[in-house]
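Contents: one structure, followed by commentary.
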Amino acid sequence: MPKAGLTMIEGTITSWRGAEGAQVASGQVVMEYENEKNIIECLSPYDGLLHIVARVGDVIPVGGTIGYIAENQEEYAALQGGAGPEAAPVAAAAAAPAATPAATPEATPAAAASLPAALQSQQDQGRINATGYAKKLAQQHQVDLRAVKPSGANGRIVAKDVLAQAGSGGAGAGTTAAATVSAAATAVAATPGASAAAGRAAVSGEPVITPLAGLKRAVANNMFESLHSMAQCSNTVEFDVTGLIDFRSKLLENEVFLGRKITLNDLLTMAAIRTLQKNPLLNSTFDGTNITTYPNINLGTAVATDIGLMVPVIANAEQLTLLELSQALREVAARARENKLQPGEQSRGTFTLTNVGMFPIDTGTPIISPPQVAIIGFGRTIKKPAVYQDQICIRTMMTVFITYDHRVLDGAAIGTALQTLQKYLENPALICV
Amino acid sequence: MLVTFAQAVGDAMREEMRRDDRILIFGEDIAEFGNIFGITRGMLEEFGSKRVRNTPISEMAFIGAAMGAAETGLRPCVELMYSDFSLVAFAEIYHCIAKWRYMHGPEYKLPLVIRSAMGSSFGATGEHSNCLESLYMHSPGLLVASPSTAYDAKGLLKEAIRNDNPVMFFEHKQLYKTKGEVPEEEYTIPFGVADIKREGSDVTIIAIGLMVGRALEAAEALAKEGISVEVLDPRTLVPFDKEAVRKSLSKTHRAMVVEESNKTSGVGAELAAMMQEEMYDELDGPVVRVAALDVPLPYNIELEKYAIPDAEQIAAAIRKMF
Chain X
1 MPKAGLTMIE GTITSWRGAE GAQVASGQVV MEYENEKNII ECLSPYDGLL HIVARVGDVI
61 PVGGTIGYIA ENQEEYAALQ GGAGPEAAPV AAAAAAPAAT PAATPEATPA AAASLPAALQ
121 SQQDQGRINA TGYAKKLAQQ HQVDLRAVKP SGANGRIVAK DVLAQAGSGG AGAGTTAAAT
181 VSAAATAVAA TPGASAAAGR AAVSGEPVIT PLAGLKRAVA NNMFESLHSM AQCSNTVEFD
241 VTGLIDFRSK LLENEVFLGR KITLNDLLTM AAIRTLQKNP LLNSTFDGTN ITTYPNINLG
301 TAVATDIGLM VPVIANAEQL TLLELSQALR EVAARARENK LQPGEQSRGT FTLTNVGMFP
361 IDTGTPIISP PQVAIIGFGR TIKKPAVYQD QICIRTMMTV FITYDHRVLD GAAIGTALQT
421 LQKYLENPAL ICV
Chain P
1001 MLVTFAQAVG DAMREEMRRD DRILIFGEDI AEFGNIFGIT RGMLEEFGSK RVRNTPISEM
1061 AFIGAAMGAA ETGLRPCVEL MYSDFSLVAF AEIYHCIAKW RYMHGPEYKL PLVIRSAMGS
1121 SFGATGEHSN CLESLYMHSP GLLVASPSTA YDAKGLLKEA IRNDNPVMFF EHKQLYKTKG
1181 EVPEEEYTIP FGVADIKREG SDVTIIAIGL MVGRALEAAE ALAKEGISVE VLDPRTLVPF
1241 DKEAVRKSLS KTHRAMVVEE SNKTSGVGAE LAAMMQEEMY DELDGPVVRV AALDVPLPYN
1301 IELEKYAIPD AEQIAAAIRK MF
């Protein structure tokens, strides 16, 4: 696993571009991986036959083995047979510069410092011509310099180019990757930049071109991949949450005693965790062959941030009490907004929730975060006339929507799960049991 | 009090000599004649021939004598008529004066000021018009001052005389007649503290000596075009006020150095290198140098004007930065 960026400690393999056993050439793109910032191409450092070890979705520490390049058929056959690798590991090449210091360590930017020669040359080809101050501003404003149009001498990017890009909503080289979430939440996350750009277009009368970069590009790829690779299907149901709201009011009255202000989102999240425990198939991943169902729930929650959508994961969420869960949710959301999530904090999720209740959104068809198999969304709560105990009266209603992979789950399984959820939402005391 | 640059320099010496009788001055034509610019006029009468002396036209000899006087407890403030003549005493200055405090230990002090008139002055030609700050910046051990106003000249010279280290003190010939406000009361200006002669937000000009005024002229013209120029006068080149430059660049992100010396290996070369090395992240483009052409300065006044930066050249170079 190559190291792209000073802070990278692990990378996720997003796709293999070379097939197992294929003849690959030095400099050819064999794999794409993502770190906390970007999706990056990995070039083969040698000519030879590709033997893949790490699979798509695997999170591999920097320097870890992802595959081998065999010099000839004999070597390849030996590798396939599990023999000790004589061939050059793709990743060992990545780690090599640590042992043999680069020829010009001072001249090499930190981000590229430990790249193998082939990757190094790729970086050189993509060298970005920008002033020192422009680079500093790009970092401050989270602007991807590759997306900036230069206006300085010799095609140099200067400060005002970066500021123009930042102002047009092109920011986003920030953090993370594995983000996938509801279409609704994505729209929300993208709104500030997009609307600013649209406003500008109206004034100048010219179209504004915003190259997709960084986090937003990673999210976009993930969304597209997800819809292309699964049989996604959505259901919607309206629940009466008047009781849940009352329950929360009681918890609020005891805020001082509890030491926390429990939010409606805390209760909804807890109800979802309990539902997953009773319907474990939803808490699975599917790789096309095997469905893996997990004993623990690593819960991803979608957070809209200035630089895009992030999905921090709370590990072993089923073990948390309501108070602990409330605290954990608040804490990861705050760090996501401050762009302070650690590498890996958005990976290894087993299920994802998205809550758009703060917006006038009733329902949606959220997109599943692969390789997970379902995602639940919560809409707004709203008072409306409803039938309650055979009377028409004002009740607080909320829509719950779920998208699932129909290869793994079907209407019956989802119906059962929604029944469970309804039980919890209409009898909130059960959540705490 | 409005006084000329020349008067301010003379006043600095007079005030210091009244304060401390170890201070003496000598040089060519400074006693009876009172210096070719009239700076030391009346000092022979006030301080007597022991403290105000003429010397033969032998720079190596009297600079060597000044060094000896400084080492043995006096505080000479000597005058080289033109900075060009310092080259006649170059070994004394570059080797001995600059290095002996390092080489012979802390018991040595070298409280010595070498003043000299420098720069172009209407056809004085290649041997009488040099700006040599960069030569002396290159020799560790020397302090180098190059003031641009009467106020700075007086405050810095008093500070130089009080300093226990050797100081090369350059006074531009064309500045001697310029007038500036100087307070009646006692003041000194510490070395290594730059002065912002004009505040601006778009580009920083670091200008030295005569060029400060020309940079200010250029700034005035550019202001009408909407370009806001900050003019930073380092006042002393050794020590150099890097923090002032950093502060200015963090606002303007563009830098130009204007000097009257030749461009190659000049003050601008050093400052540009320093900025790219230490302040790269503040720079939004190359540091631009505006300096004299790399030629011996011509006697023909029109050609001389052509060879040395003026306000128009400075302004044109700045326009190109945007």
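In the order they appear, the protein sequences are chains X and P.
This note's numbering applies: residue 1 is where the first sequence begins, and numbers increase by one.
This note's numbering applies: residue 1001 is where the second sequence begins, and numbers increase by one.
Glycine included, C-beta positions come from ideal geometry on N, C-alpha and C.
This one's a predicted model, so the numbers in the text were calculated from it and none came from an experiment.
Tell me whether residue i is buried or exposed, calling it buried when 16 or more other Cβ atoms sit within 10 Å of its Cβ.
i	result
Cys1077 (chain P)	buried
Tyr388 (chain X)	exposed
Ile431 (chain X)	buried
Pro295 (chain X)	exposed
Arg1289 (chain P)	buried
Phe239 (chain X)	buried
Met230 (chain X)	buried
Pro45 (chain X)	buried
Val1113 (chain P)	buried
Ser1049 (chain P)	exposed
Ser347 (chain X)	buried
Phe257 (chain X)	exposed
Leu341 (chain X)	buried
Gly1141 (chain P)	buried
Ile1208 (chain P)	buried
Val1182 (chain P)	buried
Pro1147 (chain P)	buried
Arg127 (chain X)	exposed
Arg1254 (chain P)	buried
Measure the C-alpha to C-alpha separation of residue i and residue j and round it to an integer number of angstroms.
i	j	result
Ala300 (chain X)	Glu74 (chain X)	Per the sequence shown, the amino acid found at residue 300 (chain X) is Gly instead of Ala. Approximately 45 Å, taken between the alpha carbons.
Met1137 (chain P)	Asp1241 (chain P)	14 Å
Ala1218 (chain P)	Val29 (chain X)	55 Å
Asn221 (chain X)	Gln319 (chain X)	33 Å
Tyr1151 (chain P)	Ser1248 (chain P)	22 Å
Ala315 (chain X)	Asn154 (chain X)	50 Å
Arg1101 (chain P)	Val1295 (chain P)	36 Å
Val219 (chain X)	Asp405 (chain X)	19 Å
Glu1243 (chain P)	Val1231 (chain P)	15 Å
Thr1252 (chain P)	Ser1086 (chain P)	37 Å
Thr263 (chain X)	Arg248 (chain X)	7 Å
Ser1116 (chain P)	Tyr1082 (chain P)	5 Å
Leu322 (chain X)	Ser369 (chain X)	25 Å
His1095 (chain P)	Ile1205 (chain P)	33 Å
Val1193 (chain P)	Pro1166 (chain P)	18 Å
Val241 (chain X)	Ala302 (chain X)	22 Å
Ile446 (chain X)	Phe351 (chain X)	No answer is possible for residue 446 (chain X): it lies beyond the span of chain X, which begins at 1 and ends at 433.
Leu267 (chain X)	Glu41 (chain X)	42 Å
Ser1129 (chain P)	Ala1089 (chain P)	17 Å
Val1003 (chain P)	Val1287 (chain P)	36 Å
Val70 (chain X)	Gly11 (chain X)	Note on identity: in this sequence residue 70 (chain X) is Ala, with Val being the wrong assignment. Computed Cα separation, rounded: 23 Å.
Gly434 (chain X)	Ser1261 (chain P)	For residue 434 (chain X) there is no data in the structure shown, the boundaries of chain X being 1 and 433.
Met455 (chain X)	Leu325 (chain X)	The structure shown does not extend to residue 455 (chain X), since chain X spans only 1 to 433, so no value can be given for it.
Thr289 (chain X)	Arg330 (chain X)	37 Å
Met1001 (chain P)	Glu1015 (chain P)	16 Å
Thr1178 (chain P)	Tyr1280 (chain P)	37 Å
Taking 7 Å as the limit between beta carbons, can you name the residues of its chain near residue i, skipping five residues before and five after?
i	result
Gly1126 (chain P)	Pro1296, Leu1297
Glu1092 (chain P)	Met1060, Ile1063, Gly1064, Met1067
Ile52 (chain X)	Trp16, Glu20, Gly67
Asn158 (chain X)	The question names Asn, but residue 158 (chain X) is Val in the sequence shown. Correct list, in chain order: Thr131, Ala134, Ser151, Gly152.
Asp1310 (chain P)	Arg1214
Considering only residues of the same chain and omitting the five flanking positions on each side of residue i, which have a CB-CB separation below 6 Å?
i	result
Ile394 (chain X)	Lys383
Met1 (chain X)	Gly11, Ile60, Val62, Gly64, Ile66, Ala91
field: Segment contact, 8 Å Cβ cut-off, at least three pairs: the segment 346 to 357 of chain X with the segment 374 to 381 of chain X
entry: yes
message: Below 8 Å, how does it come out for the segment 1096 to 1111 of chain P and the segment 1235 to 1246 of chain P: are there three or more Cβ pairs, yes or no?
response: no
- request: Answer yes if the segment 1011 to 1027 of chain P comes into contact with the segment 1064 to 1081 of chain P, meaning at least three C-beta pairs across the two stretches below 8 Å, and no otherwise.
  value: yes
message: Under 8 Å, with one C-beta from each stretch per pair, do the segment 362 to 373 of chain X and the segment 334 to 344 of chain X reach the 3-pair mark?
response: Judged by pairs of C-beta atoms under 8 Å, the segment 362 to 373 of chain X does not touch the segment 334 to 344 of chain X, as fewer than three such pairs exist.
- request: Would you list, in chain order, the members of the segment 1259 to 1287 of chain P that have their beta-carbon closer than 7 Å to a beta-carbon of chain X?
  value: Against chain X - using a Cβ distance shorter than 7 Å - the residues of the segment 1259 to 1287 of chain P are Tyr1280, Asp1281, Glu1282, Leu1283, Asp1284, Gly1285.
message: Tell me which residues of the segment 1240 to 1261 of chain P have at least one Cβ-Cβ distance to chain X shorter than 8 Å, keeping chain order.
response: His1253
message: Under 8 Å, with one C-beta from each stretch per pair, do the segment 1265 to 1272 of chain P and the segment 1187 to 1197 of chain P reach the 3-pair mark?
response: Taking a cut-off of 8 Å on C-beta distances, the segment 1265 to 1272 of chain P does not touch the segment 1187 to 1197 of chain P, as fewer than three cross pairs fall below it.
task: Determine which residues of the segment 149 to 170 of chain X have a Cβ less than 9 Å from any Cβ of chain P, and write them out in chain order.
output: Gly152, Ala153, Arg156, Val158, Ala159, Lys160
query: For the segment 126 to 150 of chain X, which residues have a beta carbon sitting closer than 9 Å to at least one beta carbon of chain B?
result: Reference to chain B is not applicable here, since the protein chains of this structure are X and P.
- prompt: Is it true that the segment 127 to 138 of chain X meets the segment 1274 to 1294 of chain P, where meeting means three or more beta-carbon pairs spaced less than 8 Å apart?
  reply: yes
message: For the pair the segment 1162 to 1179 of chain P and the segment 1117 to 1134 of chain P, tell me if three or more CB-CB distances fall below 8 Å.
response: yes
Cβ pair count under 8 Å reaching 3, the segment 1030 to 1045 of chain P against the segment 418 to 428 of chain X: no
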